[in-house]
Each structure stands twice: as C-alpha cells, then as structure tokens.
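Before any comments, here is the structure.
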Amino acid sequence: MDASLSFSQKPLYSLPMAYQSEEQDIVWQQLAKKAQSGDSAAYRELLGSIVPVIRRSLSRSLPSSDIIDDVVQEVLLSVHKALHTYSADRPFLPWLMAITSFRRTDYLRQHYAARGNKQVSLENVDLPDYLNNSESAAQIKDVEKALDSLPEKQKEVVELLKIKGYSTREVSEKTGLSESAVKVTMHRALQKLKEKLA
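Per the working numbering, the sequence shown starts with residue 32, numbered consecutively.
What follows is the structure, given as structure tokens:
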C-alpha cells in the first residue's frame with residue numbers, strides 16, 4: 032500500500048451507536064462522490080475512516096490480527112477497484128460490507144481448501160455488533176444469501192465485475208468465457224438477484 036496513505040482512526044464516540052452509522056454513512060457517501068471525481072484528499076480520508084469498520088467486521092470471524100490485516104488490505108484494494116461502481120445516492124455501508132464479506136469469504140475458502148475442506152459455511156461468520164438489529168445488517172444478510180444462491184459461475188462473474196471491478200475482458204480472461212458470455216451470465220445473475228431481493 033502507498034506509504035502516503037496514512038489511516039487515521041477517528042472514533043465516533045460523540046453520538047449514540049445507532050446514529051453513528053447513519054451519520055457516518057452520509058459522510059462516506061460524500062467522500063466517495065468526491066473521490067470518484069478525483070479528489071485525492073477525500074479518497075484518503077474515505078479509506079482511513081473505513082479501516083476501523085472493516086477491521087471490526089473481520090475481527091469477529093478471522094483468527095489473528097495478521098490475517099485481519101491481510102484481508103483489510105484486500106478489502107481496500109477491492110474498494111479502490113470498484114469505487115467507480117458505487118452509486119453515491121445509496122448507503123455506503125451495505126456496499127462496503129458486501130465487499131468485506133466477499134474478501135472474508137475468499138480468505139475462508141482458500142484457508143479451508145488448503146486444509147482439504149471444499150465448502151465454507153458463511154453461517155458462522157458474524158457481523159459486527161454495531162450492525163446487529165439494524166436495517167443495514169438485514170440488507171447485507173439478504174444480499175449474501177441471494178449471492179450464495181447463485182450458480183458458482185454466475186457468482187464468480189458478479190464478484191469479478193461488481194465487487195472487484197474487473198472489466199468484461201478481464202473477467203473473460205479469468206473465467207475462460209467469451210466476453211458476450213460474461214455479459215449474458217451477468218445479466219442472468221442480476222435477474223436472479225432482483226427476484227431474490229424483491
């Protein structure tokens with residue numbers, strides 16, 4: 032990671048927890064919009080302010096701080112690659128938590144595959160306390176459940192295009208599908224997700 036990016040960890044202790052996420056989400060939406068327009072200071076501030084949230088989310092389900100640090104970096108890279116896909120008129124936290132969930136799942140899949148296990152259950156992966164009993168937590172769980180219900184190839188294409196921010200050509204190269212097949216697969220996946228989330 033670029034040494035010029037120093038992450039400040041500003042606590043939000045002045046507001047009750049329920050309001051912190053709503054208030055912070057508005058700040059993140061504004062920072063993301065500015066970052067999309069090329070404002071590097073807003074981009075650095077956005078990344079710095081999401082690190083503690085990502086870390087808290089991962090600390091519930093990953094075993095060590097070294098692993099958490101690695102996955103935090105993966106999440107930040109994914110945010111960087113996919114920031115152009117974020118719509119600033121929508122809440123930022125569910126978008127961030129979806130990316131965090133994908134990166135955590137990637138780590139767990141790789142970890143368990145290395146140990147000979149092929150399936151990873153996301154049921155044992157907890158969301159942080161500050162999201163429990165909130166609309167955002169329900170949205171995240173609904174999205175995770177809908178994504179998990181997709182066929183493996185569709186899920187892979189959605190993750191590569193929408194979460195990791197790869198181009199259609201890059202997804203084609205990674206998956207072995209033609210570019211038009213990637214588009215068709217993505218379209219079908221989005222249709223299924225719309226049905227599941229309706």
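Ideal Cβ positions, reconstructed from N, Cα and C, are used throughout, including at glycine.
Among Pro182, Lys195, Glu204, Glu201, the one whose alpha carbon lies nearest that of leucine 221: Taking the first residue of the sequence shown as position 1, residue 221 is located at position 190. Per the Cα distances, Pro182.
6 Å CB neighbourhood of alanine 73 in its chain, flanking five on each side removed: Residue mapping note: residue 73 aligns to position 42 of the sequence shown, counting from 1. Contacts found: Leu62, Lys65, Ala66.
Distance, aspartate 137 Cα to leucine 178 Cα: The residue you call residue 178 lines up with position 147 of the sequence shown. The residue you call residue 137 lines up with position 106 of the sequence shown. Leucine 178 and aspartate 137 have their alpha carbons spaced roughly 14 Å apart.
At least three beta-carbon pairs within less than 8 Å, the region 113 to 125 to the region 92 to 104: Short answer: they don't touch.
CB-CB length for glutamine 185 against threonine 216, believed under 8 Å: Taking the first residue of the sequence shown as 1, we reach residue 185 at position 154. Taking the first residue of the sequence shown as 1, we reach residue 216 at position 185. For a cut-off of 8 Å, the C-beta gap from glutamine 185 to threonine 216 is around 6 Å, short enough to register as a contact.
Residue span of the alpha helix (DSSP H) that contains lysine 184, given as start and end: As a working mapping, residue 184 is identified with position 153 in the sequence shown. Residues 183 to 189.
Span separating the alpha-carbon of serine 118 from that of leucine 127: Start at 1 with the first residue of the sequence shown, and residue 118 comes out as number 87. Start at 1 with the first residue of the sequence shown, and residue 127 comes out as number 96. If I take the Cα positions, the gap works out to 12 Å.
Inter-residue spacing [alpha-carbon to alpha-carbon] between valine 213 and serine 68: As a working mapping, residue 213 is identified with position 182 in the sequence shown. As a working mapping, residue 68 is identified with position 37 in the sequence shown. Taking the straight line joining both Cα atoms gives about 28 Å.
Euclidean distance between Cα positions of isoleucine 130 and tyrosine 197: What you label residue 130 is simply residue 99 of the sequence shown in a count that begins at 1. What you label residue 197 is simply residue 166 of the sequence shown in a count that begins at 1. Straight-line Cα distance between these residues: approximately 14 Å.
Helix, strand or coil at tyrosine 74 according to DSSP, with G and I counted as helix: Your numbering for residue 74 matches position 43 in the sequence shown. The three-state secondary structure of tyrosine 74, taken from DSSP, is helix.
Asparagine 163 versus serine 203: straight-line alpha-carbon distance, rounded: As a working note, residue 163 is residue 132 in the sequence shown. As a working note, residue 203 is residue 172 in the sequence shown. Only weak support exists for where asparagine 163 lies, its pLDDT of 40 falling under 50; the value from the coordinates is given anyway. Going from the Cα of asparagine 163 to the Cα of serine 203 covers about 38 Å.
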